[in-house]
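Chemist: My structure is below; once you've seen it, I'll send some questions.
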Amino acid sequence: MPRTTAYALAGIELGQARLLPRSAVSLPQAPLPTARPSTADQPTAASTKHRPVSQGTAAEGWLERGAALPAADPTLVARPISQRRKAIYGTSYLIERLADAAATVASRFPGSVVWAGDLSSVHGGDLKGHKSHNSGRDADLSFFMRDTSGRPAESARFIPIEPSGRTRSGLWFDVERNWVLVEALVADTGTTHVQWIFIADHLRAMLLEHAEALVAQGLASADSVKRAKRVLRQPSKSSPHADHYHVRVYCDLADRLEGCVDDRPRHAWAPDHSEAIKHEVNGLLPFLASAPSDEFRYAVQRLVRIGDKRAVRPLKRLTSHPDPAVRALALDAVDFLNEVRTPAAWRSWRALDGGAGE
Ligand SMILES: [Zn+2]
0 MPRTTAYALA
10 GIELGQARLL
20 PRSAVSLPQA
30 PLPTARPSTA
40 DQPTAASTKH
50 RPVSQGTAAE
60 GWLERGAALP
70 AADPTLVARP
80 ISQRRKAIYG
90 TSYLIERLAD
100 AAATVASRFP
110 GSVVWAGDLS
120 SVHGGDLKGH
130 KSHNSGRDAD
140 LSFFMRDTSG
150 RPAESARFIP
160 IEPSGRTRSG
170 LWFDVERNWV
180 LVEALVADTG
190 TTHVQWIFIA
200 DHLRAMLLEH
210 AEALVAQGLA
220 SADSVKRAKR
230 VLRQPSKSSP
240 HADHYHVRVY
250 CDLADRLEGC
260 VDDRPRHAWA
270 PDHSEAIKHE
280 VNGLLPFLAS
290 APSDEFRYAV
300 QRLVRIGDKR
310 AVRPLKRLTS
320 HPDPAVRALA
330 LDAVDFLNEV
340 RTPAAWRSWR
350 ALDGGAGE
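Position one of the sequence shown corresponds to residue 0 (numbering that gives the first Met the number 0), numbered consecutively onward.
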């Protein structure tokens, strides 16, 4: 490839040289021009090459190089049943966020343990018994419980809690510790943002009532309660979640640029990465003019993964290109960008990337 092209590609490159055809990977050794804005969460070659990547949506996506729950964390422990099912994998940022929240509770209430139920399989995809949990951004967690004498009684068993706040066997929902966990999960740490904590309405109400009382005493921030009100939700189309939490995090920016797709809504405090995405798309569009070429194919693959509609119009123009291979690729890309996103379509784009087998 001409040296100037290599420089230009390097300027827009996201550390996914593995996506490039072999002929396009020989980047120059000299310092590269930085066409990208330098922001703290900018993906780099080091950050995306070996890390887990969440692809597609939580219900129809998958996971590449899933990270396992830590085996020796005393405060975040995988349930034996989930270990047996090998459903203990997720993105690094999901696992870090869960581990941090569990550690926060344990620092306030020593000995507290969060039992992690299913996350995702190592490669993601459909997981028996779940509608989502496909892409490494979902996790089921135990509630904190106390027994009739007030002793901590959380266990690897997920036991339904009745509207009275008790289980049939007399254990009760420990609203104090459960709020500390929720508060830690909804905190705006500036990095990983929690989109949902699914939980039954009666438990949600107990948590929020407790939190409001803490705010009145100056022991919790009104902001955290506001965020909790948005994030805590009884799902309408699945189990009410009266026996465990289900936590979902948003895609981080690096995953977003690799094809991670968030469902709505986007909470006001969670960045939508629109500037970085726009910058990336604008950097790729000029390479469509080079069809047919490796750079063209690379740009189409990246634009499809990013899933930004700005690419539709220039790709549509290529559907009348004289080269039939260019026409076919452009047509597939337009379909995909127009929401024809079946798992099969995802798989075929992934195979084009050379990413099959991960
Ligand atoms: Zn779940």
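Idealized CB from N, CA, C, for every residue including glycine.
(1) Could you tell me the alpha carbon to alpha carbon distance between S154 and G55, rounded to whole angstroms?
(2) Smallest Cα separation from S292: which of S131, V280, S91 and A324?
(3) Which residue's Cα is closest to the Cα of L360: C250, I158, D254 and A98?
(4) Kindly provide the ranges of any alpha helix (DSSP H) runs that are 4 or more residues long and lie completely inside the region 140-215, ordered along the chain.
(5) Measuring from the CB of H129, is there a heavy atom of ligand 1 at a distance below 7 Å?
(6) Would you mind giving the Cβ-Cβ distance between G89 and R136, rounded to the nearest angstrom? I have them listed as a contact below 8 Å.
(7) If the criterion is Cβ atoms closer than 8 Å, does the pair T190 and Y92 meet it?
(8) Tell me which residues pass a beta-carbon proximity test against ligand 1: closer than 5 Å to any heavy atom, given in chain order.
(9) Who are the near neighbours of I305 in its chain, counting only those whose CB is closer than 7 Å to its CB and skipping five residues on each side?
(10) Near G174, what residues of its chain come up, given a Cβ to Cβ distance below 7 Å and the 5 sequence neighbours on each side ignored?
(11) Beta-carbon within less than 7 Å of R176's beta-carbon, same chain only, minus the 5 sequence neighbours each way: which residues are those?
(12) Anyone know if the C-beta pair for A86 and D125 falls short of 8 Å?
(13) Between P79 and the rest of its own chain, which residues show a CB-CB distance below 7 Å, the 5 nearest in sequence each way excluded?
(14) What is the rounded straight-line gap between the Cα of W195 and the Cα of A269?
(15) What are the boundary residues of the beta strand (DSSP E) that includes S53?
(16) Report the option in W348, A212 and W178 whose CA atom is closest to the CA atom of I198.
(17) So, is A138 buried or exposed, given that buried needs 16 or more other C-beta atoms within 10 angstroms?
(18) If A290 sits next to D322, beta carbons under 8 Å apart, how far is it from one beta carbon to the other, in whole angstroms?
(19) Inspect the beta-carbon positions of L302 and V333 and report whether they are closer than 8 Å.
(20) Which whole runs of the beta strand (DSSP E) in the region 74-106 are 3 residues long or more, in chain order?
(21) Nearest to S319 by alpha carbon, out of S120, A329 and V311?
(22) Based on the DSSP output, what are the partners of A138 in its beta bridges?
(23) For S141, does the count of other Cβ atoms within 10 angstroms reach 16, so buried, or fall short, so exposed?
(24) Considering Cα atoms alone, identify which of A253, A183 and D200 is closest to S220.
(25) Got a sec, what are the start and stop residues for the beta strand (DSSP E) V230 sits in?
(26) Just reading off the alpha helix (DSSP H) that L330 is part of, what are its end residues?
(27) State the Cα-Cα distance for the pair S81 and P73, rounded to the nearest angstrom.
(28) Just curious, the beta strand (DSSP E) that V113 is in, first and last residue?
(29) May I ask you to report which of helix, strand or coil DSSP gives W268?
(30) Is DSSP giving A241 helix, strand or coil here?
(31) How is the alpha helix (DSSP H) around L252 delimited, first residue to last?
(32) Once DSSP output is grouped into helix, strand and coil, what is the label at A66?
(33) Name the residue from V248, S53, S238 and E161 whose alpha carbon lies nearest to the alpha carbon of A186.
(34) Terminal residues of the continuous alpha helix (DSSP H) containing N281?
(35) Got a sec? Which residues, its chain only, sit under 7 Å from D146 by beta carbon, not counting five neighbours each side?
Modeler: Per the coordinate set shown:
(1) For S154 and G55, the distance between alpha carbons rounds to 33 Å.
(2) A324
(3) Outside the displayed span of the chain (0 to 357) sits residue 360, for which this structure offers no information.
(4) 174-185 and 200-215
(5) Indeed, a heavy atom of ligand 1 lies less than 7 Å from the Cβ.
(6) 7 Å
(7) yes
(8) Cβ atoms closer than 5 Å to ligand 1 belong to D139 and H245.
(9) L256, I276, E279 and V280
(10) Checking the sequence shown, residue 174 turns out to be Val, not Gly. Exclusion of the five residues before and after V174 leaves M205, L206 and H209 as the residues of its chain whose Cβ lies within less than 7 Å of its Cβ.
(11) The answer, listed in chain order, is V104, F108, S111 and F143.
(12) Not closer than 8 Å, so no.
(13) A155
(14) 12 Å
(15) V52 to Q54
(16) W178
(17) With 16 or more neighbouring CB atoms inside 10 Å of its own CB, A138 falls in the buried class.
(18) 7 Å
(19) Taking 8 Å as the Cβ cut-off, L302 and V333 do not qualify as a contacting pair.
(20) 75-77
(21) A329
(22) V246
(23) buried
(24) A183
(25) Taken as a continuous stretch (DSSP letters only), V230 belongs to no beta strand (DSSP E), being part of the alpha helix (DSSP H) at A221 to V230.
(26) Start and end: P323 to L336.
(27) 17 Å
(28) Counting along the chain, the beta strand (DSSP E) containing V113 begins and ends at V113 to A115.
(29) coil
(30) In this structure, DSSP gives A241 a state outside helix and strand, which the three-state scheme calls coil.
(31) L252 to R255
(32) strand
(33) V248
(34) S273 to L283
(35) A152 and L170
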